[in-house]
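In full-length UniProt numbering, the protein residues as written are 1 to 370.
Yeah, the Cβ is synthetic: ideal placement off N, Cα and C, and Gly gets one too.
Source: prediction; values computed, not measured.
Since the structure comes first, as structure tokens, the remarks are kept for the end.
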């Protein structure tokens, strides 16, 4: 997928949070009657749902995630204490039906749809640089779904990008003047709806007051969305079938050249599609030298076999990550084409408790730098 060109009035750089005193160019949304709130709430629920989800094949989920990401990044505004933001980087995690993504946290909160899930371990909110926030899109009955917000940008034309999931949570707590996640949830709750949570809610662009519409960005084109592998996933606690999900393009970026973290995943995605160094540079903003280095790792990884998975069950540098994802992309393609070797399920993996998969998804803020 090609990148969405930044609008002329966007001046995006860095990864610092904004001071809450900065004035926004938008007016507050006017209070509505309950029927209108219900209609708007249903619009968000519909966006996060699929009318025929039980019939989807594993390979169909990519298109479904593409469609949700497009809507969230182009047609939905995230209001933080009435200050409008764009969700410019998202990652999808879904385990259920025919999509057995073992990298999903599978927290009970992810069984819900249209609620906020602040990342937890054993029922305790994560702190420090391991914080994260999902929009839930689960379906109950052992079907878990979470959309991780990795980067935010205020609608203000001069705003910077808040780059990284933990920094996004810090930004939310700062703007809402809440001391910590526990305090925020006790004060505001976990609903993503304006009628139930005025501190943090989602609103369709079409439902924003007409007087404020002019300050919002125009929607991009769905074919211009950029996808890459999700950041920070590893095989340190490998389980069979993880190889079919670790390289999937379930990370979506509206401004890939402006997001600094996880650049090697972006380059890898384009490289696996056969794009050359100059084209990749123009799309993601990396140097030609770093791109060529990653392309060499793709070649190395593509020559590996399933037997080599055991070599990657440890902490990996960026070169090894690129090799592993190239290998897994090859294995996934072979599986879909029915050409995978007969020992496809030969590795039983390691012992894993119900919370181990959370450690792979939640990386510290500096672990995914290029």
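- A Cβ-Cβ separation of about 18 Å leaves residue 174 out of contact with residue 88 under the 8 Å criterion.
- For residue 227, the secondary structure class from DSSP, reduced to helix, strand or coil, is strand.
- Taking C-beta atoms under 8 Å as the contact rule, residue 176 and residue 80 qualify, at a distance of about 6 Å.
- In this structure, the straight-line span from the alpha carbon of residue 55 to that of residue 212 is close to 40 Å.
- Within the model, the alpha-carbon separation for residue 318 versus residue 63 is close to 28 Å.
- For residue 154, the enclosing beta strand (DSSP E) begins and ends at 144-154.
- Shown here for residue 172: same chain residues with a beta carbon closer than 6 Å to its own, the five before and five after excluded, namely 80 in chain order.
- Boundaries around residue 299 are those of the alpha helix (DSSP H), 288-302, since no beta strand (DSSP E) includes it.
- In summary, residue 302 is exposed, with fewer than 16 beta-carbon neighbours lying within 10 Å of its beta-carbon over all protein chains present.
- In the structure shown, residue 49 falls within a coil segment according to DSSP collapsed to helix, strand and coil.
- The three-state secondary structure of residue 183, taken from DSSP, is helix.
- Here the alpha carbons of residue 311 and residue 85 stand approximately 42 Å from one another.
- Per the coordinates, the alpha-carbon of residue 259 lies some 23 Å from the alpha-carbon of residue 245.
- Within the same chain, 312 and 313 come within 6 Å of residue 235 by CB-CB distance, once the 5 residues on both sides are set aside.
- Within the stretch 224-276, the runs of alpha helix (DSSP H) at least 4 residues long that lie entirely inside it are, in chain order, 263-272.
- For the set 321, 305, 325 and 120, the Cα lying nearest the Cα of residue 341 is the one of 305.
- Distance from the CA atom of residue 228 to the CA atom of residue 198, rounded to whole angstroms, is 33 Å.
- Contact between residue 159 and residue 132 does not hold, since the beta-carbon distance rounds to 21 Å and is not under 8 Å.
- Distance between residue 295 and residue 115, taken at the CA atoms: about 39 Å.
- Of the candidates 299, 261, 257 and 274, the residue whose Cα lies closest to the Cα of residue 284 is 257.
- Within the stretch 318-342, complete alpha helix (DSSP H) segments of at least 4 residues are found at 318-337, given in chain order.
- Counting only the Cα atoms, residue 207 lies some 40 Å from residue 332.
- Beta-carbon to beta-carbon, residue 261 and residue 286 are separated by about 12 Å, too far to satisfy the 8 Å threshold.
- Taking 8 Å as the cut-off, the beta carbon of residue 181 is found closer than this to the beta carbon of residue 125.
- Collapsing the DSSP output to three states places residue 112 in coil.
- Taking the Cα of residue 37 as reference, the smallest distance to any Cα among 202, 66 and 179 is reached at 202.
- Look at the stretch 82-133 and you find these whole runs of beta strand (DSSP E), each 3 residues long or longer: 83-96 and 113-118.
- When rounded, the separation of the alpha-carbon atoms in residue 191 and residue 223 is 31 Å.
- One alpha carbon belongs to residue 277, the other to residue 288, and they sit about 6 Å apart.
- Nearest C-alpha to residue 252 among 112, 147, 49 and 35: 147.
- A direct Cα-Cα distance of roughly 17 Å separates residue 272 from residue 337.
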